[in-house]
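Just so you know, the sequences run in chain order A and B. Quick note: the first sequence uses our numbering, first residue 1, plus one each step. Quick note: the second sequence uses our numbering, first residue 1, plus one each step.
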Amino acid sequence: MALNPRFLVIDGYTKSARDELEAGGATSAGVQYQNMLIHHAPGASVDIIYPCDVGDDLPSGTDLASYDGIAWTGCSLCVFEDKPEVRAQIELARAAFRVQVPGFGSCWAAQIAVVAAGGLVQANPNGREMGFARKIQLTPEGLGHPMYAGKPGVFDAYISHVDEITHLPAGAISLSGNAFTAIQSVSVIHEGGVFWGLQYHPEYDLREMARLTWCRIEKLMELGFFNSREAGEEHVRLLETLHQDPSRTDVAWLLGVDDDILNRDVRQLEVKNWIDQLVIPTMMKRR
Amino acid sequence: MSNNPHILLLEANPAVNCDRAVSFGAVAAGERYAISLRSACPEIQITKAYGADLDKVLPSGVELAAYDGVVIGGSGLHAYHSDENVTRQIEFARSAFEAGVPILGSCWGLQISVLAAGGVVRPSPFGREVGIGRKITLTPEGSGHPLFAGKSSVFDSPCIHLDEVTHVPSGGTVLATNRHTRIQALSFQHCGTDFWGVQYHPEFNLFHLSRLNTMYGEMMVEGGYHQDLDAVTRHSGEMETLAADHTRSDLAWKLGLDQDVLSDEIRTLEIRNWIELKVMARKAARA
């Protein structure tokens with residue numbers, strides 16, 4: 001019996017949003033997720049779908065049920081905007097719950113799982129949280145949750161979002177939070193399906209954060225993160241310098257980042273735990 | 001006798017080092033503490049003693065017992081050295097315990113009080129922790145301790161130290177911790193006298209940190225925190241700009257600083273709590 005899981009990655013970005021990021025040198029979210037899953041489950045196979053491209057022609061029922069895990073990327077859409085591409089993904093999330101395939105995802109993914117299960121997402125009154133989410137602290141439930149087995153009780157993580165989960169649906173629990181965003185991770189159990197979601201992005205690394213920042217410099221200037229284009233470009237250079245040369249402890253110190261950001265095994269422990277503690281056990285039961 | 005609480009504040013650096021700090025636009029460590037004490041409690045009366053200057057007499061016995069509290073701040077000395085300017089300060093801490101005066105210590109103040117009460121201080125295996133002590137987390141005991149009343153359970157704080165407490169005096173309680181330094185805050189009783197102390201420096205503000213960064217510039221380059229002296233100057237400049245203008249949210253974001261460091265009120269809450277709960281109680285009991 002093969003123990004190599006089959007993953008479906010749902011890249012929620014629109015084609016134009018993906019093209020914009022790729023033109024700026026960023027790796028598309030779906031491919032980042034694919035790379036991360038294969039790193040932690042080397043024999044796994046990964047299919048990527050782009051629901052914004054295919055419209056209503058989304059996998060359902062037995063198609064979805066043939067996967068061992070469904071992982072959702074972040075997305076630049078807004079979950080409480082009533083648009084066809086948003087509605088289609090909420091429906092897809094509901095279908096994924098119904099087939100009871102373990103779900104996982106970052107940012108938009110956590111929000112869409114919460115909304116699909118009956119919770120609420122709203123604009124964060126603190127505005128955009130960008131770069132490094134600082135001092136995320138596990139809740140008592142998070143400390144005992146299998147997704148965080150081995151994770152420190154307080155950590156930083158990559159982040160980029162303006163919306164946040166404000167109200168959990170029945171069957172969901174908050175696993176972590178920080179001063180900026182009360183709910184930084186959730187476990188949602190709905191119609192017998194289990195979804196573990198993070199508001200932050202374990203799939204990013206310094207290079208991807210640098211490229212994303214570069215693509216968003218104008219917007220970040222408007223929001224007050226940079227007071228000039230030069231300041232933005234200098235910040236991108238700092239991130240890329242440390243990415244290329246991890247021995248530059250001066251840059252890590254200046255950025256105020258530790259192993260929780262820099263070491264992939266620490267940063268992506270939630271993903272590894274999802275595979276080891278939810279995907280594979282569920283797969284063993286179903287096969 | 002005045003009605004105001006009266007603190008004995010130990011300046012723990014030799015005069016030559018105090019003068020050097022002033023020449024770099026900073027203030028001496030003791031004076032920095034005096035400023036924070038006065039801002040926490042404007043009516044406080046402060047008398048300074050000079051721990052590292054052998055020609056200055058240190059109070060003991062009845063003279064010391066006349067105070068409502070003893071505060072010991074930072075020093076560039078090493079608590080485990082046997083020089084007289086070290087040993088006489090440990091002796092002073094012992095006298096304060098014997099005199100029954102509540103003690104508040106930061107950094108060196110924590111370390112020599114620990115030695116006076118039978119604990120152990122050694123160089124940190126992780127080297128110097130300098131700038132911002134990040135992700136300091138209250139222990140369950142710390143969450144319920146009056147030193148941290150009103151403080152969030154995870155916070156950053158200014159810090160600069162090479163040594164750390166490795167063994168707690170008998171009956172002591174670790175109140176806060178982070179990845180670099182297991183004991184970031186500690187309380188214990190010795191000779192029936194309460195000691196509350198922190199390894200970090202709630203009394204430092206951003207301007208002071210900037211001046212220290214410049215003063216210790218060469219050491220900071222050697223330690224790998226900056227690539228060269230130009231980087232030292234840039235970093236000091238950014239901290240100073242932000243210190244002068246707290247609306248520069250771009251710099252706060254770049255430096256990874258939140259209100260726990262930027263707000264004097266939040267940062268110095270431990271000092272305020274100690275005054276309100278220990279100093280005022282002793283004053284009331286003596287009246």
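Positions of the beta carbon are idealized from the N, C-alpha and C atoms, including for glycine. This structure is a prediction, so every number in the text was calculated from the model and none was measured.
With respect to the beta strand (DSSP E) encompassing histidine 161 of chain A, which residues constitute its N-terminal and C-terminal limits?
Its beta strand (DSSP E) spans residues 154–161.
Check this for me: beta carbons of glycine 224 of chain A and aspartate 258 of chain B, under 8 Å apart or not?
For glycine 224 of chain A and aspartate 258 of chain B, no; Cβs fall outside 8 Å.
Assuming arginine 260 of chain B and serine 157 of chain B are in contact, meaning their beta carbons sit under 8 Å apart, how far apart are those beta carbons, in whole angstroms?
According to the sequence provided, residue 260 of chain B is aspartate. The question's arginine does not apply to it. Indeed, because the Cβ distance is near 7 Å, the residues count as touching under 8 Å.
Per DSSP, which residues does aspartate 163 of chain B bridge with? Please list them.
B:Pro123.
Which residues, in chain order, does the segment 62–85 of chain B contribute to contact with chain A at a C-beta distance below 9 Å?
Those would be none; no residue qualifies.
Note down, in chain order, every chain B residue with its Cβ under 9 Å from the Cβ of aspartate 265 of chain A.
Neighbours of aspartate 265 of chain A on chain B: none; closest Cβ ~15 Å, over 9 Å.
Name the chain A residues whose beta carbon is nearer than 7 Å to that of tyrosine 200 of chain B?
Correct list: empty, because the minimum Cβ distance to chain A is about 15 Å.
Using the beta-carbon count (16 or more within 10 Å), is threonine 177 of chain B buried or exposed?
It is buried - the Cβ of threonine 177 of chain B has at least 16 other Cβ atoms within 10 Å.
Just grab the DSSP bridge partners of leucine 147 of chain B for me.
Answer is none; leucine 147 of chain B lacks a bridge partner.
To the nearest angstrom, how far is it from the Cα of glutamine 189 of chain B to the Cα of lysine 135 of chain B?
Cα to Cα, glutamine 189 of chain B sits roughly 27 Å from lysine 135 of chain B.
Roughly how many angstroms separate the alpha carbons of glutamate 238 of chain B and glutamate 234 of chain A, rounded to a whole number?
Taking the straight line from one Cα to the other gives about 14 Å.
Answer with yes or no whether the minimum CB distance from serine 152 of chain B to chain A is below 8 Å.
Serine 152 of chain B counts as touching chain A.
Which of the three DSSP states, helix, strand or coil, is assigned to glutamine 289 of chain A?
Only positions 1 to 287 of chain A appear in this structure, which leaves residue 289 of chain A out of reach.
My guess is that serine 36 of chain B and threonine 247 of chain B are in contact by the Cβ rule of under 8 Å, so how many angstroms apart are they, rounded?
Not confirmed; about 23 Å, so no contact.
Is there at least one Cβ from chain B nearer than 8 Å to tyrosine 213 of chain A's Cβ?
A small fix is needed here, since residue 213 of chain A is threonine in this sequence, not tyrosine. No, because no Cβ of chain B sits closer than 8 Å to the Cβ of threonine 213 of chain A.
Contact between the segment 52–71 of chain B and the segment 96–103 of chain B is defined here as three or more beta-carbon pairs at a separation below 8 Å; is this criterion met?
The segment 52–71 of chain B, when compared against the segment 96–103 of chain B, does touch it at the 8 Å Cβ threshold.
Along chain B, in chain order, which residues have C-beta atoms closer than 9 Å to that of glycine 256 of chain A?
Correct list: Gly131, Ile132, Arg134, Asp156, Leu255, Gly256 and Leu257.
Please go through the same chain and pick out, in chain order, the residues whose beta-carbon is closer than 6 Å to the beta-carbon of isoleucine 183 of chain B, but skip the five residues on each side of it.
Answer for isoleucine 183 of chain B: Val165 and Val174, listed in chain order.
Nearest to arginine 272 of chain B by CA position, among B:His226, B:Pro169, B:Arg38 and B:Gly172, is which residue?
The shortest C-alpha separation from arginine 272 of chain B is found at B:Arg38.
Rounded to whole angstroms, what's the CA-CA distance from threonine 193 of chain B to serine 23 of chain B? Just pull it up for me.
C-alpha separation (whole angstroms): 38 Å.
From leucine 92 of chain A to lysine 135 of chain A, what distance separates their C-alpha atoms?
If I take the Cα positions, the gap works out to 33 Å.
Any heavy atom of the ligand FMN closer than 7 Å to the Cβ of alanine 95 of chain A?
By its list of ligands, the structure shown contains no ligand whatsoever, and the ligand FMN lies outside what it can speak to.
Using a Cβ-Cβ cut-off of less than 7 Å, list which residues of the segment 176–200 of chain B approach chain A; keep chain order.
Per Cβ criterion, the list reads Arg179.
Between alanine 231 of chain B and chain A, is there a C-beta pair that is closer than 8 Å?
Cβ-Cβ to chain A under 8 Å: yes for alanine 231 of chain B.
Find the residues of chain B that neighbour arginine 134 of chain A, judging by a C-beta separation of less than 7 Å, and give them in chain order.
Under the 7 Å cutoff, chain B gives Gly256 and Asp258.
Nearest-angstrom Cα distance between methionine 1 of chain A and methionine 283 of chain A?
Caution is warranted here: a pLDDT of 46 is assigned to methionine 1 of chain A, below 50, making its placement in the model unreliable, and no coordinate value can be reported.
Under the three-state reduction of DSSP, which class applies to valine 288 of chain A: helix, strand or coil?
Missing from the structure shown is residue 288 of chain A; chain A here goes from 1 to 287 and no further.
In terms of residue numbering, what span does the alpha helix (DSSP H) encompassing isoleucine 183 of chain A cover?
Element bounds for isoleucine 183 of chain A: n/a, residue is neither H nor E.
Run through chain A and tell me which residues come within less than 7 Å of glutamine 227 of chain B, C-beta to C-beta.
Result: Asp250.
Can you tell me the Cα-Cα spacing of threonine 213 of chain A and glycine 232 of chain A, whole angstroms?
Going by the C-alpha atoms only, they are around 8 Å apart.
Look up alanine 49 of chain B in the DSSP assignment and give the residues it is bridged to.
For alanine 49 of chain B, which the question treats as bridged, DSSP gives the partners B:Leu10.
What is the residue span of the beta strand (DSSP E) that aspartate 295 of chain A lies within?
The structure shown does not extend to residue 295 of chain A, since chain A spans only 1 to 287, so no value can be given for it.
Can you tell me whether alanine 172 of chain A is helix, strand or coil according to DSSP?
Residue state, collapsed to three classes: strand.
With a threshold of 8 Å, are at least 3 pairs of Cβ atoms found where one atom belongs to the segment 11–25 of chain A and the other to the segment 237–254 of chain A?
No, the segment 11–25 of chain A is not in contact with the segment 237–254 of chain A.
Closer than 7 Å between beta carbons: that is the criterion. Which residues of the segment 177–192 of chain A meet it against chain B?
The segment 177–192 of chain A vs chain B, Cβ under 7 Å: Ala179.
On the DSSP bridge list, what partners appear for glutamate 129 of chain A?
BP columns for glutamate 129 of chain A point to A:His161.
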